[in-house]
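Engineer:
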Amino acid sequence: MSKTILITGAGRRLGKTLAEYWLTQGWQVIAHFNTVCELELHPNLRTVKANLAEQKDVASLCQELALAGPVDAVIHNASCFIPDCAATDLGKHYEVHFNVHVKAPAMITEALQWAPEAAMVAITDIYTDIPNERFAAYCASKAGLQNWALSMAQRLAGKVRVNVIQPGPIQFLPEHDEAYRTMVLSQSLIRRELGYDAIVEACHYLLSAKALTGTQMRVDGGRFVANRYDQTFRV
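Just so it is clear: in the sequence shown, position 130 is 129 by numbering that gives the first Met the number 0, and no numbers are missing.
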């Protein structure tokens, strides 16, 4: 019988790449998405829609997942990335980030049935350990996700292995101009765009490495240990 993986934020970009990879591995994939799902139909694919910033959506999603049967793996990938300067309501701004990054993963994890030797990965950010004044809500909530995940490694010990991936500059978006790309890559020790496959490889390793739990893996091309004074974003 094939294994089952739940991936949040799987409608596009990194989450879509993760879902497509596990489909090629013969897994049953439950792909959560918010507004847009670019995944093609597949007999092993089940999509579920929910806005993780909204309590009622998360509650409905949890009810659905509770009936989905045991899962072998979970990747908490869904993310909210809004600069603080764009917030018109500061309280709501923080609430949305913490709902998506901390509250929703906690509720989803509590609702799931787990298969034997299951594993979970939470995707945070290298900026959980480096303050960034432009994205304080994002950084604080991703740090909350990381701390929560490590707490789950303790709580679920012997039942579910839990690890954290801290991505750095993995793949640029179309709106990133050449000057921005050059600046970011100059702050990386590898100095090239790593692509989403770098995160796929890290997730595959952590989900299959039976001796690892409670770990944090940086997938950032060495940016975290590069010259820290040069790592302030000014877009």
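Yeah, the Cβ is synthetic: ideal placement off N, Cα and C, and Gly gets one too.
Taking Ile7 and Val199 to be in contact with their CB atoms under 8 Å, please state how far apart those CB atoms are, rounded to whole angstroms.
Structural biologist: Taking the sequence shown and counting its residues from 1, one reaches residue 7 at position 8. Taking the sequence shown and counting its residues from 1, one reaches residue 199 at position 200. Before going further, note that residue 7 is Thr rather than Ile in the sequence given. Between Val199 and Thr7 the Cβ distance is about 15 Å, and since that is not below 8 Å, they are no contact.
Engineer: Taking 8 Å as the CB-CB cut-off, is Ala139 touching chain B?
Structural biologist: Given the protein chain composition of this structure (a single chain), no chain B is represented.
Engineer: Does the stretch 211-220 come within contact of the stretch 189-198, defined as at least 3 CB pairs closer than 8 Å?
Structural biologist: The answer is yes - the stretch 189-198 touches the stretch 211-220, with three or more Cβ pairs under 8 Å.
Engineer: Give the single residue among Gly10, Pro168, Pro42, Cys138 whose Cα lies nearest to the Cα of Asn50.
Structural biologist: The sequence position of residue 50 within the sequence shown is 51, counting from 1. Cα-wise, what sits closest to Asn50 is Gly10.
Engineer: What are the complete beta strand (DSSP E) segments, minimum 3 residues, inside the stretch 40-101?
Structural biologist: Counting only runs of 3 or more, we get 44-48, 69-75.
Engineer: For Asn162, write down the residues that DSSP places opposite it in a beta bridge.
Structural biologist: Looking up residue 162 in the sequence shown gives position 163. DSSP, once it has assigned bridges, lists Val120 as partnering Asn162.
Engineer: Quick one: which unbroken alpha helix (DSSP H) runs of 4-plus residues sit fully inside the stretch 143-196? Chain order, please.
Structural biologist: Counting whole runs of 4 or more residues, the stretch 143-196 contains the alpha helix (DSSP H) stretches 177-185.
Engineer: Taking the beta carbon of Thr3 as the centre, do at least 16 other beta carbons fall within 10 Å, making it buried, or is it exposed?
Structural biologist: The residue labelled residue 3 in the question sits at position 4 within the sequence shown. Buried: at least 16 other Cβ atoms inside 10 Å.
Engineer: State the beta-bridge partners of Leu5 as determined by DSSP.
Structural biologist: Here residue 5 corresponds to residue number 6 of the sequence shown, with the count starting at 1. Per DSSP, Ile29, Val73.
Engineer: On the CB-based measure, 16 or more other CB atoms within 10 Å of its CB, does Gly25 come out buried or exposed?
Structural biologist: In the sequence shown, the residue the question calls residue 25 occupies position 26. The residue is exposed, with fewer than 16 neighbouring Cβ atoms inside 10 Å.
Engineer: If you run the structure through DSSP and keep just helix, strand and coil, what is Arg222?
Structural biologist: As a working mapping, residue 222 is identified with position 223 in the sequence shown. Reduced to three states, the DSSP call for Arg222 is helix.
Engineer: Round the Cβ separation of Asn162 and Thr212 to the nearest angstrom and send it over; I've been treating them as touching at under 8 Å.
Structural biologist: Translated into positions along the sequence shown, residue 162 becomes position 163. Translated into positions along the sequence shown, residue 212 becomes position 213. The pair is a contact, with the Cβ atoms about 6 Å apart (cut-off 8 Å).
Engineer: Can you tell which of His75, Glu116, Gln215, Val224 has its C-alpha closest to the C-alpha of Ser185?
Structural biologist: Position 186 of the sequence shown, counting from 1, holds the residue named residue 185. Of the candidates His75, Glu116, Gln215, Val224, the one whose C-alpha sits nearest the C-alpha of Ser185 is Val224.
Engineer: So, for Ala281: in the same chain, excluding its five sequence neighbours on each side, which residues have a beta-carbon less than 6 Å away from its beta-carbon?
Structural biologist: Residue 281 cannot be examined here, being either before or after the span of the chain that is shown, 0 to 234.
Engineer: If we count the other Cβ atoms within 10 Å of its Cβ and call it buried at 16 or more, is Val57 buried or exposed?
Structural biologist: Start at 1 with the first residue of the sequence shown, and residue 57 comes out as number 58. By the neighbour-count rule (16 or more Cβ atoms within 10 Å), Val57 is buried.
Engineer: Who does Met216 pair with in a DSSP beta bridge?
Structural biologist: Here residue 216 refers to the residue found at position 217 of the sequence shown. Answer by DSSP bridge pairing, in chain order: Ile164.
Engineer: Go through its chain and collect everything with a Cβ distance to Ala118's Cβ below 6 Å, but skip five positions before and after it.
Structural biologist: Along the sequence shown, read from residue 1 onward, the residue named residue 118 stands at position 119. Same-chain partners within the cutoff: Ala72, Arg160, Leu206.
Engineer: May I ask you to report which of helix, strand or coil DSSP gives Ala136?
Structural biologist: Start at 1 with the first residue of the sequence shown, and residue 136 comes out as number 137. Reduced to three states, the DSSP call for Ala136 is helix.
Engineer: For Trp113, which residues does DSSP report across the bridge?
Structural biologist: Here the question's residue 113 lines up with position 114 in the sequence shown. For Trp113, which the question treats as bridged, DSSP gives the partners Val70.
Engineer: Comparing alpha-carbon positions, which option in Glu132, Val95, Cys138, Ala114 lies nearest Ile125?
Structural biologist: Locating residue 125 in the sequence shown gives position 126, where the first residue counts as 1. With distances taken between Cα atoms, Ile125 lies closest to Cys138.
Engineer: Which of helix, strand or coil does DSSP assign to Gly10?
Structural biologist: As a first step, residue 10 must be located in the sequence shown, where it is residue number 11. It is coil, neither helix nor strand.
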